[in-house]
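See structure below.
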Amino acid sequence: MSEARQSLNRREFFSYLTVAWVAFGAACAGMLSLAFRFSYPNVNFEPEMEFLAGTPDMYEEGVDERYKNGMGVWMVKQEGKLFALSNICTHLGCIPNWLPAELKFKCPCHGSGYYTSGINFEGPAPRPLERYKIALTPEGKIKVDKTKVYRWEKGQWDNPSSFLSV
Amino acid sequence: MAANGLADKVRATQVWKSIFRHGPPDNARNRAAVVAGNVFLHLHPIKLKKSGVQLGYTWCMGGLTFFIFLALTVSGVLLMFYYRPTAEYAFNDIIALREHVPLGIMREIHRWGAHAMVITTWLHMFRVFMTGSYKPPREFNWGVGVILLVLTLLLSFTGYLLPWDQLAIWAITVGANMAKATPFLGHGGPGASLAQIGDFVLVSDKNDVRFQLLAGRFVGEPALLRFYILHCVFIPLVVGTLIAVHFWRVRKDGGISAPL
Amino acid sequence: MRELINWIADPIRSFPIACVLFFLMMKYYRIIGTKKFLYASLVVVVPVTIWFAADPNFFTILILPDNIPIIILLVLVAFLTWLTIYKAAVNDARIEKGLGPLEGTPENREKVWSWPNLVYTELFMIIAATSFLIVWAILFKAPLEEPANPTWAPNPAKAPWYFLGLQEMLVYFDPWMAGVVLPGVVVVGLIAIPYIDTNPKGNGYFTIAERPVAMWGFLFGWLVLWIYLIIVGTFLRGPNWTFYGPFEYWDFHKVVADYNVNLSEFMWIKWFNTAMPANMFVREILGIIISLGYILVLPPLSGATKYGKMMIEKVGTIRYYIFIVLLLLMMSLPIKMVLRWLFSLKYIVALPELELNL
Amino acid sequence: MKKLEPGMAYDTNKLNKLFAFLSVLFLMITVWVFLDDYIRPWKAVQLEAMKIKKEMIQKKLDEAEKEINKDKLSSLKGGLTDAEKIVSSRKKEISKLEVEITQNQKLLKAETILNGTLNSYVGGLTFKYEQAQLKNKSNKAVVFADLKKNKKLFAESKDRMKGYSFRAKELFAKKQGLQKEVLDTDKKIKAMTIKTELLGKALAKTNVDPIFALRNAPMIDYLDPTLKIQQIVLNNIKDDRYFQQVPRVDRCITCHTFISEAGYEDQPNPHKTHPNLDLMVGKDSPHPMKETGCTVCHGGEGHRVNDFTSVAHWPQNEEQKKEWVKKYNWHEPHRIPSPMLKLQHTEASCVKCHQGVEFIPGATVLNEGRQNIEKYGCYGCHKIDGWEHKRMAGPSLKKIASKVDKEFFKNWVWDPKSFNPHAMMPRFFGQSNNSEPKHMVKNIAEVNAIAEFIWEKSKAYKPFMKYTGGDSTRGKELTGQVGCLGCHGVQGMEEVSEKIGAYAGPYLYGTGSKVDPDWLVSWLKKPNHYQEDTIMPSLRLTDREANDIASYLLSLKNKKFEGYKFEPMDEKSRDQILMAYLSAFDTEKVAGAKLAKMSDRERTLELGYRSVGKYGCYSCHNIDGFEGRGPIGPELTKEGSKPLTQFGFGLQKQVEHTRDGWIKAHLLDPRRWDIGIDKPFQDLTRMPNFYLTDREAETMTLAILGQVDEKIPLKGVKRLNSSEQIVEKGMKVINKFNCIGCHQVDGYRGDILAQYDEDLNEGPPRLVGEGHRVQLDWFHYFLDNVYPVRPWLKIRMPSYNLTDEERNTIVTMFQYKADQKALVDRSKIVDWKPGEKDAAWKLWDEMACASCHSAGFNNDDPQAPNLYFARRRLRPSWVKKWLLDPQAILPGTLMPNFWTDGESTSPDILGGDPDRQIDALTKLMYDFGTEKLPTENTKYWSKQ
């Protein structure tokens, strides 16, 4: 037995075997990693949470309703700040109306009222409306991202990405 | 040398020992231990007749069949991540697999694998017959083999529908119409017209075997679901079980056949 | 030349040819089973194949992704059949010399370690197979046709290739025979083989001389009735399941003259020249007699013959009859084919009232 | 062979080598898989697109930088430093202010916290209290008190908070005030540089830098790749999965990156901008990308992105095909239900969504095709959904005997074009599949029989006028003037006919050799006397005029044709044909017997009857006994989706093997499919040859290709609102009577105007916002009692025999088209302000209205409509619009503009205020206007 083992040239033996196992291992690893990559689809069909809201110069001082129905967002320009205000009442989730005459959002369901800024001042609403992430694209377009939310009561409205200064 | 030294060190560690309960398989004891002590290997005998390792004799078709079966199981499971068996999505999902899902050849592997398995099964059987290996004591295992052959074909057949394209539904339609012609059980088969009490029709197009197979009169969404489940769950389970039996019997009937 | 091949390829001619070839192969297996023959045939086959593939019409069919497996199958079957015959030839030669089969020699019966011998071999096969599969997958995209449309059938609507043998049978038998009974018989027959074939010889080694009946029977079924029919179904059947030569363009509008008559019609109209009787059983009486005779009378008759007697005392009565019946059922297909071609016979027994046509 | 160690089948060393070899192979294949999976053609395309974009932005950037006024900028920068000096001089105050601000911030924050806490208390307590109320707990009073207290505190804190935040604003403003100079200059600089800054950023995005490489590296390109498949999911357009309709997915924009972005017009494909961005895929176009996608118009496979062919691109011509084969090794896509339409056929798809409309704005070729279909009356023999309302393409034959003579009829039927090269009647005989003598003789028999049959059926008709001869030169003149050319081409006026291209009526050619003179005059005088349902109107010709025109038309002769003698019927072949008909269901013997029973005459008539049915004459001509017979041709409603395998190409290998290929070939020579195929006489293809021009065939092919059975959900199709529907209804009537042959309706058609291109005012009035111009009761009256509104016009508004319904439809249509749904209450129009009327008269004189609108004012012959009748005819609101700027409404009108850009020519009247002046004039007009409506021959002179 043992001399039989002597008979093989060790170096060769090892090198071949190592090459073999290394290559084999690498290949298997590669296949596995591919299988891992397989679990990340390249295309998905989820609804868009981002949208382009034109350019800053589109907006007058005050509340702009053109994205209210489509995207559920009020674009508000106030004191040199442009921000995207959620149109979901913080009370029970109804959709408030913008009353230009009284300069306030008024919820038809239970009468919560909000200032132009989105701060609640009357009715059952427990907290101000939420604001969404807003930014300028390199092309100069406004991009609103509804996945990121800023809440006043958490002091997030000072966050630079919660408004555009214009 | 170094490599060797290192290898020995590694072999000395507790971890290694805990996993491999034996030294390098270069002597009788260890070679036996490897095979006996490893859950995957232990369905091999420790020693076997030389003819059993000669490709010229075994053609290795049985082994390949089993391996391809495993490969198909893996790729099949992965495919299930991206496939929904509904008339609405099935076809689009297949397109997705081709167009944008990562590792775009997954479906190809599965489909060609399926074909390959059919081939290897046939050739395995061919070989077994040629060497008369079905003869005593292996009669029963031959029988099991035949069943496995049938199941293999069924697996492939049920899978054929899933892409939900013209090729699929019409191939299945052709196949299903054979079921229609089953004597006494299919409404197109001999004697079916006899099976009727007054106007109570026992075998008609809405209660015969084809209906059972397709869950309907023609190949539609219910059939798709039915075939999907047969293909992904039911038949594989049966096949798996029978494979176990098959291997077990191979061992028990004295391993790979050889002249007495 | 191409016309000639197209002409020959028609089952009417190619099937008998296939049978003859098979007969020759088995008869002269000692010659075929030599390396020389292999090389010789390679020298012939390779260029011929290339020449075939050179034809655009044939090529288009040849490289349909779904036909690749069949090509692989054909190559393997061809080679493995030769291998069997070769090994059998060697063994039979040795046995005649009284040496016993190669597999039986002491050094071949020596026991070897599973590790590394067997385990390694398996590993190699696995790697090889995986690689092969992947390459195949990369080179050939899985076919995908129009979305499923129940209102419009493609033409031809073909079953998966491994069932094309059965679909080809549909030309000659009704679905209940071709699709249910015959396949059933095949399965049952296969399972039954070990119990019928009591010949102790040829267990564990290749031989033909020692188990001629089994070999002839099985190989005929496997090569001629299964593989050959698949080839026909795949390469020679086009739209409307009409025959197309290998070099023929699959033209939709091809029509082939083909009108078939039932045996009963032959009998009453042609021979007796009377109207068909109203009662269906009377009408089909001849066919019924023939088919029953075929299954019930032939076996005992054959049993009475010399070979029959011989076999019966070798294997026992029951085994013998089961064997004969299975054999007859198997042979019913070629018989029906021939009848169809010679007399364009449709059904031997035609009982559409019962959906029972033979 | 060297001795193996016992228990070994192989030499371990060999095994290892083999193992090594296989593993390496395996590894290489694994790498291959990586590459195969990673390398996708569309990535290359997107990279290219990036380069292009880079160049674009670079260009923009350079321009922007040029725009920036350098020295102004530098001066501003300089100003900044000064400003900073100034501001820094206020350092103290600012720092003080900042302290204050921070202070205030602290307070605000503290208050916010308190407020928040209280708020939550209040919330909690409120709930507690409500529960207490509900369960009527004993402690509810306590809770309530607590709640009250907290509410109070909350209110107070809120108030404080308001204070602080107000303060904060104040301070902030103050600080800004102090830093004013700096901030302002900053703003200015920013304003100048912002554009370049943004562009710079954008440019950076197009760099192929390490980050880019990393983001798109294999394996990790799932993290956040920049090269990725782009797709649009269309919920209004479905993919037909037969069992289900699935929202369509278009991924074309993966490669056609800039298709909806202006500025890439002259890039090569696929980077090109859509050539028609304002109509298609543009963000503000009626078909925005996100809602329409690509494949609904272009066809093809929207899902596919991985190779050029699987998308089912289709080359528009041979050159492109060759090019593609070279570039993308393109081949005909297999197994694709609807491959892409050839580029030139894209318009076909419009019909999918724009259904039931007479014409589709913008789809010029399609409209042309549909016009041609109407012209040749395809819908007569082929059912096409949405074309049921069209009138029969040919004249009624119910009284034909009195119109032409039998000999003419036969020759005409045999070969219409040989008589009239412009004939629209197609030719059935002497075609590629029936020109052999054995067929000819049978055809001749059929034609004879048809003639006999028609004459048999034809009712007696007595022309009510005699042709007394006339002055053909004057006749020709009249023909050119009164408006015949709006519907007819006329021999001897080829040039102008060509220009107008009218097709509503037959091209009048060789009329003299065709019709009976008496019939002709009667017809000209009163068409519906001969055929009740004709659309030919009466032009209110005097007998003299009628005779003159007739004499001209009769002078048009086709001597050669008159020479033709039509071969007599060969009874034998007649009987053969009849036998074929009769023995269809009977044995030869029975059929023979039947035939034998018939008299010679009966046989002929029978054959005639059968033949009319066989060739489908009745689907274009009214013939007694064929009312309600179905069309003989296959339905074309879904022709565009018919599987290619169902088109019979016969032996015509040279015909392109596509849908459009077949259709066009079929239109150009319908009989070609029979060539080389042996068919019995009665089975020969019957579709006649229209001798179409290639253009006609092409456009008609396109129109037919559009007839697909794709299921567009209701949300997706263009749905007409109520008024649009009314307008469409009207358009149908207008088309039927070919009003647009003369009148241009809001820019649509008005063919005859081509005749008046040197002075449009001589032509029929263009109807722009007609519904706004005229009062609807007048309009309604006018259509029935036409009178010359513009006496100087030679061309005449004919009198149609409209049903009340049709008349109403037309009137309402114009109303709704101009969005003028109300009646005008004439009793309320005039209420003079003091002095206004005199002013109005002054204006009237100054502007010398009566010099053109002279009729009824100074009895000169008028060059403009009579204003006496304006009161009943025009809508005041329109009159004002018209007065203010006639050219805006009718470019090229003779009506002068008295208020060029709002400047009155007579400033002294009514303070020179255009509005008041126009108002006054309008009032005046309605003031002196008469209520009575003129009739055709009203004497419209009348002294004031």
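Chains as they are written, first to last, in our numbering: chain B, 208 to 373; chain C, 2 to 261; chain A, 419 to 776; chain Z, 4 to 947.
Beta carbons are placed, not taken as given, at the ideal position from N, Cα and C, and that holds for glycine.
Pull up the distance between the alpha-carbon of glycine 203 (chain Z) and that of glutamate 286 (chain B), whole angstroms please.
-> Cα to Cα, glycine 203 (chain Z) sits roughly 28 Å from glutamate 286 (chain B).
Shorter than 8 Å from the beta carbon of serine 369 (chain B) to some beta carbon of chain Z?
-> It does not: the Cβ of serine 369 (chain B) has no partner Cβ on chain Z nearer than 8 Å.
Residues of the segment 100 to 117 of chain C whose Cβ lies closer than 9 Å to any Cβ of chain B, in chain order = Listed by position along the chain: Glu100, His101, Val102, Pro103, Leu104 and Met107.
Integer Cβ distance of serine 720 (chain A) from isoleucine 766 (chain A), believed to fall under 8 Å | Going by Cβ atoms, the distance from serine 720 (chain A) to isoleucine 766 (chain A) rounds to 20 Å, so no, they are not a contact pair.
Exposed or buried, what is histidine 671 (chain A) when buried is set at 16 or more other beta-carbons lying within 10 Å of its beta-carbon?
-> Around the beta carbon of histidine 671 (chain A), fewer than 16 other beta carbons lie within 10 angstroms, which makes this residue exposed.
Alpha helix (DSSP H) containing glycine 320 (chain B): first to last residue?
-> In the DSSP assignment, glycine 320 (chain B) falls outside any alpha helix (DSSP H) and lies within the beta strand (DSSP E) extending over 320 to 322.
Pull up the distance between the alpha-carbon of glutamate 184 (chain Z) and that of valine 90 (chain Z), whole angstroms please.
-> Between glutamate 184 (chain Z) and valine 90 (chain Z), the alpha-carbon positions lie close to 7 Å from each other.
Any alpha helix (DSSP H) of 4 or more consecutive residues that is wholly inside the segment 210 to 276 of chain Z = With a minimum length of 4 residues, the continuous alpha helix (DSSP H) runs that stay inside the segment 210 to 276 of chain Z are 213 to 218.
For isoleucine 232 (chain Z), go through chain B and note every residue whose CB falls closer than 8 Å to its CB, in chain order.
-> Listed along chain B, the residues sitting closer than 8 Å to isoleucine 232 (chain Z) by beta-carbon distance are Asn249 and Val250.
What does serine 157 (chain C) reach in chain A if we use C-beta pairs closer than 8 Å?
-> Counting only Cβ-Cβ distances below 8 Å, serine 157 (chain C) has contacts in chain A at Pro578 and Tyr580, in chain order.
Closest by C-alpha distance to leucine 559 (chain Z), when choosing among Z:Ser857, Z:Ala448, Z:Leu723 and Z:Ser475 = Out of Z:Ser857, Z:Ala448, Z:Leu723 and Z:Ser475, Z:Ser475 has the C-alpha closest to the C-alpha of leucine 559 (chain Z).
Grouping DSSP H, G and I as helix and E and B as strand, with all else coil, what is tyrosine 751 (chain Z)?
-> Assigned with DSSP and collapsed to three states, tyrosine 751 (chain Z) falls in strand.
Close beta carbons around glutamine 213 (chain B), own chain, < 8 Å, minus the five adjacent residues each side | Note that glutamine 213 (chain B) scores 47 on pLDDT, short of 50, meaning its location in the model is unreliable; the coordinates nonetheless yield the value given after this. Cβ neighbours of glutamine 213 (chain B) beyond the five flanking positions: none.
Flag phenylalanine 82 (chain C) as yes if its beta-carbon sits less than 8 Å from any beta-carbon of chain B, otherwise no.
-> So yes, phenylalanine 82 (chain C) belongs to the interface.
Output the boundary residues of the alpha helix (DSSP H) element that contains serine 725 (chain Z).
-> Boundaries of the alpha helix (DSSP H) around serine 725 (chain Z): 725 to 739.
Which residue from Z:Gln134, Z:Glu133 and Z:Ala205 puts its Cα closest to that of methionine 59 (chain Z)?
-> Per the Cα distances, Z:Ala205.
Cutoff 8 Å: phenylalanine 29 (chain Z) Cβ touching any chain B Cβ | So, interface residue.
Taking C-beta pairs closer than 7 Å, name the residues in chain B that valine 499 (chain Z) reaches, listed in chain order.
-> Ordered by position in chain B, no residue passes the 7 Å Cβ test against valine 499 (chain Z), which lies about 54 Å from the chain.
Counted within 10 angstroms of its Cβ, other Cβ atoms place valine 462 (chain A) as buried (16 or more) or exposed = The C-beta of valine 462 (chain A) has fewer than 16 other C-beta atoms within 10 Å across all chains shown, which makes the residue exposed.
Determine the direct distance from the alpha carbon of glycine 146 (chain C) to that of phenylalanine 741 (chain A), and round the result to whole angstroms.
-> Across the structure, phenylalanine 741 (chain A) and glycine 146 (chain C) are spaced so that their CA atoms are roughly 20 Å apart.
Extent of the continuous beta strand (DSSP E) run through arginine 338 (chain B) = Arginine 338 (chain B) -> beta strand (DSSP E) spans 338 to 343.
Between the beta-carbon of tyrosine 357 (chain B) and the beta-carbon of proline 335 (chain B), is there less than 8 Å?
-> Not closer than 8 Å, so no.
What does leucine 241 (chain B) touch in chain C if you count any residue whose Cβ is under 8 Å from its own?
-> Near leucine 241 (chain B) (Cβ distances below 8 Å), the residues of chain C are Pro103 and Leu104.
In chain C, which residues lie with their C-beta within 7 Å of the C-beta of phenylalanine 246 (chain Z)?
-> Those are Ala88, Gly221 and Glu222, listed as they occur along chain C.
Reference proline 794 (chain Z), options Z:Glu773, Z:Glu765 and Z:Arg613, closest by Cα | The residue with the shortest Cα to Cα distance from proline 794 (chain Z) is Z:Glu765.
Three-state secondary structure (DSSP) of glycine 269 (chain B) | Strand at glycine 269 (chain B).
Just the chain A side, please: which residues come within less than 7 Å of isoleucine 178 (chain C) by C-beta, in chain order?
-> The sequence shown places asparagine at residue 178 (chain C), rather than the isoleucine named in the question. Neighbours of asparagine 178 (chain C) on chain A, chain order: Pro593.
Among residues of its own chain, excluding the 5 on either side of methionine 928 (chain Z), which ones have a beta-carbon nearer than 6 Å to its beta-carbon?
-> Shown here for methionine 928 (chain Z): same chain residues with a beta carbon closer than 6 Å to its own, the five before and five after excluded, namely Leu870 and Ala873 in chain order.
When Z:Leu544, Z:Val518, Z:Ser141 and Z:Gly180 are compared against leucine 556 (chain Z), the one with the closest alpha-carbon | For the residues Z:Leu544, Z:Val518, Z:Ser141 and Z:Gly180, the minimum Cα distance to leucine 556 (chain Z) belongs to Z:Val518.
How about the segment 324 to 343 of chain B and the segment 359 to 366 of chain B: do they share at least three Cβ pairs that are nearer than 8 Å?
-> By the Cβ criterion, the segment 324 to 343 of chain B is in contact with the segment 359 to 366 of chain B, since at least three pairs of Cβ atoms, one from each stretch, lie closer than 8 Å.
Cβ-Cβ distance between asparagine 804 (chain Z) and asparagine 370 (chain Z) below 8 Å = Going by C-beta atoms, asparagine 804 (chain Z) is not nearer than 8 Å to asparagine 370 (chain Z).
Near valine 777 (chain Z), which residues of its chain fall below 6 Å by C-beta distance, leaving aside the five closest residues on each side in sequence?
-> Once the five neighbours on either side are set aside, the close Cβ partners of valine 777 (chain Z) are Arg876.
On the premise that glycine 126 (chain Z) lies in contact with proline 333 (chain B), defined as a C-beta separation below 8 Å, what is that separation, rounded to the nearest angstrom?
-> A Cβ-Cβ distance of about 6 Å is found for the pair proline 333 (chain B) and glycine 126 (chain Z), placing them in contact under the 8 Å criterion.
Check the Cβ of leucine 79 (chain C) against every Cβ in chain B and list those closer than 8 Å, keeping chain order.
-> Residues of chain B passing the Cβ test: Ala242 and Phe245.
Quick one: Cα of aspartate 546 (chain Z) to Cα of glycine 478 (chain Z), how far?
-> Cα atoms of aspartate 546 (chain Z) and glycine 478 (chain Z): separation of roughly 12 Å, rounded to the nearest angstrom.
For the beta strand (DSSP E) that serine 375 (chain B) lies in, which residues bound it at each end?
-> Outside the displayed range of chain B (208 to 373) lies residue 375 (chain B), so it cannot be described from this structure.
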